[in-house]
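Taken in order, these protein sequences are the chains called A and B. Taking this note's numbering, the leading residue of the first sequence gets 1, the next gets one more, and so forth. Taking this note's numbering, the leading residue of the second sequence gets 124, the next gets one more, and so forth. Beta carbons are placed, not taken as given, at the ideal position from N, Cα and C, and that holds for glycine.
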Amino acid sequence: MDEMSLLKKLDRVKAPPDFEQRLMARLSLEKRDASRRRPALGLSLAGAFASLLAVFAALNVFVLRQRPPVTVSQAEAEAPAQQFIPVIETFDYGTEFRSRAPESGTIYLLEQVSDTAPGGITY
Amino acid sequence: MTERMDEQELIRRVQNGDQVAFAEIVTGYKDRIVNYLYQFTGDYQKAVELSQETFLRVFFKANQYRPVAPLSSWIYAIASNLAKTEMKKARRVSVVSLDEITSHEVRSKAYAEDRPDSGLLKNLRQALDELRPRYRIPVILKDMEGFSQEEIAEILHKPVGTIKARISRGRSMLRKKLAKAGGRKPA
Numbered sequence: 001m002d003e004m005s006l007l008k009k010l011d012r013v014k015a016p017p018d019f020e021q022r023l024m025a026r027l028s029l030e031k032r033d034a035s036r037r038r039p040a041l042g043l044s045l046a047g048a049f050a051s052l053l054a055v056f057a058a059l060n061v062f063v064l065r066q067r068p069p070v071t072v073s074q075a076e077a078e079a080p081a082q083q084f085i086p087v088i089e090t091f092d093y094g095t096e097f098r099s100r101a102p103e104s105g106t107i108y109l110l111e112q113v114s115d116t117a118p119g120g121i122t123y
Numbered sequence: 124m125t126e127r128m129d130e131q132e133l134i135r136r137v138q139n140g141d142q143v144a145f146a147e148i149v150t151g152y153k154d155r156i157v158n159y160l161y162q163f164t165g166d167y168q169k170a171v172e173l174s175q176e177t178f179l180r181v182f183f184k185a186n187q188y189r190p191v192a193p194l195s196s197w198i199y200a201i202a203s204n205l206a207k208t209e210m211k212k213a214r215r216v217s218v219v220s221l222d223e224i225t226s227h228e229v230r231s232k233a234y235a236e237d238r239p240d241s242g243l244l245k246n247l248r249q250a251l252d253e254l255r256p257r258y259r260i261p262v263i264l265k266d267m268e269g270f271s272q273e274e275i276a277e278i279l280h281k282p283v284g285t286i287k288a289r290i291s292r293g294r295s296m297l298r299k300k301l302a303k304a305g306g307r308k309p310a
């Protein structure tokens with residue numbers, strides 16, 4: 001006999017007699033809970049939004065209080081005497097090529113990127 | 124066709140919160156769903172609990188139902204997903220008291236149809252319980268619940284080819300397990 005046809009003969013069960021009553025009772029409970037949850041959820045969302053708004057306002061008033069615009073003369077007067085260190089480094093390509101020349105895998109691609117004569121590189 | 128139209132009308136009413144229509148759906152499907160979940164979990168009490176949860180979801184998520192598929196496919200899909208989730212949970216926590224097992228057996232026998240359970244049927248039940256869910260579900264839906272492969276594909280959201288392969292492999296595994304239990308070579 002084919003085993004698969006035996007599957008149909010495995011004990012089939014039915015729902016218990018009070019299945020529907022229990023289900024309807026649970027349904028009523030769940031509906032009641034859901035209707036309670038909805039206003040509570042709305043209130044908590046509103047509360048959270050109000051708290052965020054209060055925090056934002058407090059930050060603006062006490063922490064991030066805007067200062068009046070600063071003029072250039074004020075800034076110069078307030079700023080300490082600054083020292084500027086010029087960083088100019090010349091790059092010697094000839095030495096660079098010579099020092100890399102023994103490395104057999106080095107390939108140099110030289111191409112002209114501008115028609116104008118280079119005026120030096122300033123960093 | 125008329126049945127399907129009636130079901131569509133029923134679910135449309137459930138979408139509007141009609142409990143009478145919901146009760147009609149429950150009456151029509153409760154035995155099938157409880158039996159399906161019992162075959163899947165092998166635990167009658169769990170099957171009843173999961174069936175209740177299935178129908179609650181049918182009620183509360185009725186608006187998510189799209190009439191492109193039969194209502195039965197949608198209900199079985201909910202039941203299958205719940206059962207799979209339950210199985211995963213059970214795998215994590217699998218401590219059952221001896222009393223619970225005994226009382227469960229008594230309860231499941233109480234609602235089972237009167238049918239002598241031969242040794243072969245017992246072996247078959249055990250073999251079915253040992254199958255992995257990915258094979259067990261399609262085999263139960265096909266060979267016990269009578270769904271077509273296309274319908275099973277719809278229920279499980281898998282391609283028909285995958286379902287065909289899983290049914291075939293599931294059956295073959297069942298045969299092997301049965302042959303092993305009966306001490307003979309599989310056909």
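Would you decide whether B:Lys245 is buried or exposed? Buried here means 16 or more other CB atoms lie within 10 Å of its CB. exposed
I want to see whether chain A comes within less than 8 Å of B:Ile134, judged by CB atoms only; does it? no
CA nearest to the CA of B:Val181, picked from B:Gln168, B:Ile290, B:Gly242, B:Ala202: B:Ala202
For B:Ala235, which residues of its own chain have a beta-carbon under 6 Å away from its beta-carbon, when the five flanking residues on both sides are left out? Summary for B:Ala235: the model assigns pLDDT 48, below 50, so the residue's position carries little reliability, and this model does not support an answer.
Does the beta carbon of B:His227 sit closer than 8 Å to a beta carbon anywhere in chain A? Unreliable placement is indicated for B:His227, whose pLDDT of 48 sits below 50; no coordinate value is reported for it.
Please name the residue in B:Ile286, B:Arg135, B:Gly140, B:Ala213 whose C-alpha comes closest to that of B:Leu264. B:Ile286
Closer than 7 Å, Cβ to Cβ, to anything on chain B: give me those residues from the segment 25-55 of chain A, in chain order. Arg26, Leu27, Glu30
Helix, strand or coil at A:Lys14 [DSSP, three-state]: coil
CB contact flag (B:Tyr161, A:Val13, <8 Å): It is a contact, given that the beta carbons lie within the stated cut-off.
Got a sec: does the ligand MG put a non-hydrogen atom nearer than 7 Å to the Cβ of B:Leu251? No copy of the ligand MG occurs in the structure displayed, which carries no ligand at all.
Environment of B:Lys211 [buried if 16+ CB atoms lie within 10 Å]: exposed
Interface residues of chain A around B:Val149 at Cβ under 7 Å? Glu20, Leu23
Determine, for B:Tyr188, whether the minimum Cβ-Cβ distance to residues of chain A falls below 8 Å. At least 8 Å separates the CB of B:Tyr188 from every CB of chain A.
Per-residue DSSP class, three states only, for B:Asn139: coil
Locate the alpha helix (DSSP H) running through A:Val63, then write down its first and last residues. Neither: A:Val63 is in no alpha helix (DSSP H) and is coded neither H nor E.
May I have the straight-line CA-CA distance separating A:Gln21 from B:Val149, to the nearest angstrom? 11 Å
Check B:Ala233 in the structure and name its three-state DSSP category. Its pLDDT being 43, under 50, B:Ala233 is placed unreliably in this model, and the coordinates cannot settle the point.
Strictly below 7 Å CB to CB, what residues from chain A border B:Gln175? Arg22, Leu23, Arg26
If I'm right that A:Phe19 touches B:Val171 with Cβ under 8 Å, what's the distance once you round it to whole angstroms? Cβ-Cβ separation between A:Phe19 and B:Val171: approximately 7 Å, consistent with a contact (criterion under 8 Å).
For B:Lys299, which of helix, strand or coil comes out of DSSP? helix
Does the pairing of the segment 20-37 of chain A with the segment 137-146 of chain B give three or more beta-carbon distances under 8 Å? yes
Starting from B:Arg248, find everything on chain A with Cβ-Cβ shorter than 7 Å and list it in chain order. Leu10
Status (buried if at least 16 other CB within 10 Å, exposed otherwise) for A:Val72: exposed
Sort B:Ala288, B:Val283, B:Glu277 by Cα distance to B:Ser195 and report the nearest one. That would be B:Glu277, whose Cα lies nearest to the Cα of B:Ser195.
Contacts around B:Leu247, its chain only, beta-carbon distance under 8 Å, and the 5 residues preceding and following it disregarded: Leu297, Leu301
Would B:Thr177 and B:Leu205 qualify as a contact pair, given that the criterion is a beta-carbon distance under 8 Å? Closer than 8 Å, so yes.
Distance, Cα to Cα, A:Leu6 vs B:Gly242? Approximately 12 Å, taken between the alpha carbons.
Where do the N-terminal and C-terminal ends of the alpha helix (DSSP H) with B:Arg259 fall, by residue? 256-262
So, at 8 Å on beta carbons, what are the nonlocal neighbours of B:Glu253 in its own chain, with the 5 sequence-adjacent residues on each side left out? Lys300
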